[in-house]
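Novice: Have a look at this one.
There are 2 protein chains.
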Amino acid sequence: MSQTNQRIDGKRLWDSLMSFAEIGATPKGGVRRLALSHVDKTGRDRFRAECEAQGLKVRVDSVGNMFARREGRDPARAPVLFGSHLDSQPSGGKFDGALGVIAGLEVIRSLNDLGIVTEAPVELVNWTDEEGSRFGHSLMGSGVWAGVYPEDHVRALKDTDGVTVADSLDAIGYHGPEAARPFPADAYFELHIEQGPILEREAKQIGIVTGAQAQVWYDAVTIGQDSHAGTTPPSTRKDALVCAARIIDLVDRMMRARGEDGRGTVGQLHVSPNSRNVIPGEVRFSVEFRHPDQAEIDRLDAQFPREAEFIARDCGVELQLTTLFRIPPQPFDPACIDLVRQGAARAGYSTRDIVSGAGHDAVYVARHVPTAMIFTPCKDGLSHNEAESIEPEEATAGAQVLFEAIVARANRTL
Amino acid sequence: MSQTNQRIDGKRLWDSLMSFAEIGATPKGGVRRLALSHVDKTGRDRFRAECEAQGLKVRVDSVGNMFARREGRDPARAPVLFGSHLDSQPSGGKFDGALGVIAGLEVIRSLNDLGIVTEAPVELVNWTDEEGSRFGHSLMGSGVWAGVYPEDHVRALKDTDGVTVADSLDAIGYHGPEAARPFPADAYFELHIEQGPILEREAKQIGIVTGAQAQVWYDAVTIGQDSHAGTTPPSTRKDALVCAARIIDLVDRMMRARGEDGRGTVGQLHVSPNSRNVIPGEVRFSVEFRHPDQAEIDRLDAQFPREAEFIARDCGVELQLTTLFRIPPQPFDPACIDLVRQGAARAGYSTRDIVSGAGHDAVYVARHVPTAMIFTPCKDGLSHNEAESIEPEEATAGAQVLFEAIVARANRTL
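Printed below as a string of structure tokens:
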């Protein structure tokens, strides 16, 4: 196995990550860079300036997605895209999203330093509002770009202060002139932290992401009867929380029955009236299942509503279950996956094939452009948390594989 | 069984209840009369005026408890007390508390109309802040009076706007000159709606309350690890909500194992971070058990922490369980209970002995004064709810039995 002698600069990458993490830094070591906020604008302005300093030309589309282009030798070739997102969760970490963009900047710097002219142009992308924390709509920029979400609908979304996406884009000057829609592109590569524990547990440096899981999401409401906790005997209770609790247990058991590939979670739950001595009359909660295999999701989707209804009937409680959405699995492009695999091998990193459990901009981009993703480990699998942490050498490995894949794709013989 | 020929005026009672329910009336037919608010002041002022119009002398103590005295023939005798509370839940009903006070007013009017002079004086009481909705401390007025709660502690309690009990008493002019502590009293009778379904289900007109349940209350916190719902495999999950759900199920099963006398409730629950695609890292919830038999509460109190801990260990989650308080059962006074029983029999009402599931001012008063309570049915057992409802004849029956018990006690041969 021959090792490459073209290396990105790990120290420069780390310094750049740490410097960028100062924008919206929180006291606990995380970042708060909500999409289209003035903090996000500061990040975007810095990103644009650094791209321009590297000789790139930056375009902005109508939902604020930013494309920084480095020309190739052959102007007729479609560009190789790569990137991620610069927005964060409200109490987010330094690396979720930012790693993919800042590593992309390091790829550009390395191409410049090494004097490499690729055959195809390359374009570094910052997708708008991946997190969905402010306007309640994740994967917003890539979703509009990919035609998954109507732009008018997204522009009208409001944050909790009633400010729309459209007004926020104008306010920070990132309502760009370019239409947000797919343009001819040769490939898309996205480097991201795993946001899970698998690579760390197995001591693998690189996750070769072969696709994204299938998902089904529900909203559930259990409706019983709120009544006095001290006076209502067992036989007349209609306790919406006891019913919800048994459904939460069901979700967990259905997940575990699928082994290590199964995911089943109740993340959000509200009790009403939520008073110590009142039997809960209504509980609203989210339910989601994920699995790499669509057939398994189909079985879960057939089984869960039926078994949850049995529980509700047994509790004398009404269950209202609404399917929010079903997402089919998104396999990534075999050729692009191979370039990631070859790049990791050339650089000498240990690898593992992995299916993305989280949603990523790459999942929507993959509907139009051959796509692959690269995962790096993160400490304790922790993400969406200010304590999110990775090692400098893990960032270096990810950026190096990204570099390898981009150069190989941009220089491939057509 | 001889029926009494001294009857309270059911129509006047009902009109008075409806008129009083206009103070703090809500659009959905309930009342919002938070303790020591200006709405409460309006209710108190009306109560005082109606008492004075009946020739009573009204005293106010230092926590705002109101005592309206009708003199008896023998000034040396200790008074027979009766009453309840005029404050309500934030979305409360027309009858919880108000029934006991307004029926007391009807007893006074009937005594006057019938020209009855009792041997002992009688005193109608309005206890301050029974509900605890505003300052988070139920049974406040009767608790301070009975010496259960230190007055300084209670005066310093704040509502969510930071206003103290002391300031609120001053603001509405109900910081009275009399010390809030037990004085010699011959008995205490309290009429209240059942707030449960038992009397209605068994078609009984009067509940003869023999005492109050023993209780044990806990605060529980399950501490796991919040992590990404899509990326965290079953083997590494530490889901605080799955753990809490299994403990909620445990509480319900432990209650049902005790039959119809058992009570076990999780009424309040908060999930953190409470985000759809994040496995909950922390859940805080209340747990309470009630039972008429102290030995059963002792067994629950020994068994529950141990079994909950087993569940937590099995889930890989930390459980922090704090005992908030244990309340022993409070038996009422046999002679006072008998007077209620005899009164109901004289008036020809169907009865059932019942143990109070809820806390009542009577439970604290009973520590110093021979006490009994009278329950009337309420529709569907519903209380702490704007839809709380009783029939006029149910109010009449309760007031008539209250009248019988008071007259019998105040005229008893010493």
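In order, the protein sequences belong to chains S and D.
According to the working numbering, the first sequence is numbered sequentially starting from 1.
According to the working numbering, the second sequence is numbered sequentially starting from 1001.
Where is the CB? At the ideal position from N, CA and C, for every residue including glycine.
For clarity, every value in this text was computed on a predicted model and none was experimentally measured.
#1: Using a Cβ-Cβ cut-off of 8 Å, state whether D:A1408 counts as contacting chain S.
#2: CB S:A399 to CB S:I116, shorter than 8 Å?
#3: In terms of residues, what are the limits of the alpha helix (DSSP H) holding S:E404?
#4: Any Cβ of chain S within less than 8 Å of the Cβ of D:T1413?
#5: Note the first and the last residue of the continuous beta strand (DSSP E) segment covering D:F1020.
#6: Report yes or no: is there a C-beta of chain S within less than 8 Å of the C-beta of D:D1009?
#7: Using the C-alpha atoms, what's the distance from S:G162 back to S:V407?
#8: Would you tell me roughly how many angstroms separate the C-alpha atoms of S:T248 and S:D170, rounded to the nearest one?
#9: In the DSSP assignment, find the beta strand (DSSP E) that holds S:Q215 and state where it starts and stops.
#10: Under 8 Å between the Cβ atoms of D:V1060 and D:V1154?
#11: Cα separation between D:R1412 and D:A1405?
#12: By DSSP, does D:D1353 sit in helix, in strand, or in coil?
#13: In the DSSP assignment, find the alpha helix (DSSP H) that holds D:P1251 and state where it starts and stops.
#14: Measure the beta-carbon distance from S:V442 to S:T376 and round it to whole angstroms, keeping in mind my assumption that it falls under 8 Å.
#15: Please list, in chain order, the chain S residues whose beta carbon lies closer than 8 Å to that of D:M1255.
#16: Among residues of its own chain, excluding the 5 on either side of S:Q6, which ones have a beta-carbon nearer than 6 Å to its beta-carbon?
#17: Given a cut-off of 8 Å on the beta-carbon distance, is the pair S:G393 and S:T26 in contact?
#18: Please name the residue, chosen from S:H175, S:A312 and S:A49, that lies closest to S:L250 on a Cα-to-Cα basis.
#19: For D:G1093, which of D:I1193, D:P1197 and D:G1348 has the nearest alpha-carbon?
#20: Answer with yes or no whether the minimum CB distance from D:D1252 to chain S is below 8 Å.
#21: List the whole-angstrom C-beta distance separating S:H384 from S:D87, where the pair is believed to meet the contact cut-off of C-beta under 8 Å.
#22: Report the three-state DSSP secondary structure of S:L169 (helix, strand or coil).
#23: Sort S:G357, S:L414, S:C378 and S:D252 by Cα distance to D:K1238 and report the nearest one.
#24: For chain S, is any of its Cβ atoms less than 8 Å away from the one on D:Q1294?
#25: Around the C-beta of S:T323, are 16 or more other C-beta atoms found within 10 angstroms, so that it is buried, or is it exposed?
#26: Taking 8 Å as the cut-off, does the segment 1185-1199 of chain D touch the segment 226-234 of chain S (at least 3 CB pairs, one atom from each stretch)?
#27: With DSSP as the reference, please indicate the residues paired to D:Q1320 in a beta bridge.
#28: Rounded to a whole number of angstroms, what is the C-alpha to C-alpha distance between D:A1302 and D:G1030?
#29: I need the boundaries of the alpha helix (DSSP H) containing D:A1156, first residue and last residue.
#30: Could you name the residues that DSSP lists as bridge partners for S:D61?
#31: Using CA coordinates, which residue listed in D:T1118, D:L1013 and D:V1039 is at the minimum distance from D:I1172?
#32: Could you give the distance in angstroms between the alpha-carbon of S:E391 and the alpha-carbon of S:K11?
#33: For S:I102, which three-state DSSP category applies?
#34: Using 8 Å as the limit for Cβ to Cβ distance, is S:I248 near chain D?
#35: So, at 7 Å on beta carbons, what are the nonlocal neighbours of S:V271 in its own chain, with the 5 sequence-adjacent residues on each side left out?
#36: Since D:I1193 is in the beta strand (DSSP E), which residue starts that stretch and which ends it?
Specialist: Judging by the given coordinates:
#1: no
#2: no
#3: P392 to A410
#4: no
#5: Premise fails: D:F1020 lies in the alpha helix (DSSP H), G1010 to F1020, not in any beta strand (DSSP E).
#6: Answer no: the Cβ-Cβ gap between D:D1009 and chain S never drops below 8 Å.
#7: Cα-Cα distance, rounded: 44 Å.
#8: The sequence shown places Ile at residue 248 of chain S, rather than the Thr named in the question. The alpha-carbon atoms of S:I248 and S:D170 are separated by roughly 43 Å.
#9: A214 to I223
#10: no
#11: 10 Å
#12: strand
#13: One detail in the question is off: residue 1251 of chain D reads as Val in this sequence, not Pro. A1240 to R1256 is the span of the alpha helix (DSSP H), which, as asked, contains D:V1251.
#14: Nothing about residue 442 of chain S can be reported from this structure: the residues present for chain S run from 1 to 414 only.
#15: P234
#16: L114
#17: Note that residue 393 of chain S corresponds to Glu in the displayed sequence, not to Gly. In this structure, S:T26 does not lie closer than 8 Å to S:E393 by Cβ.
#18: S:A312
#19: D:I1193
#20: Interface residue, yes.
#21: In fact, because the Cβ distance is near 12 Å, the residues do not count as touching under 8 Å.
#22: helix
#23: S:D252
#24: no
#25: exposed
#26: yes
#27: D:V1221
#28: 40 Å
#29: From DSSP, D:A1156 is part of no alpha helix (DSSP H); its letter is neither H nor E.
#30: S:E178
#31: D:V1039
#32: 12 Å
#33: helix
#34: yes
#35: L241, P280 and V283
#36: A1187 to I1193
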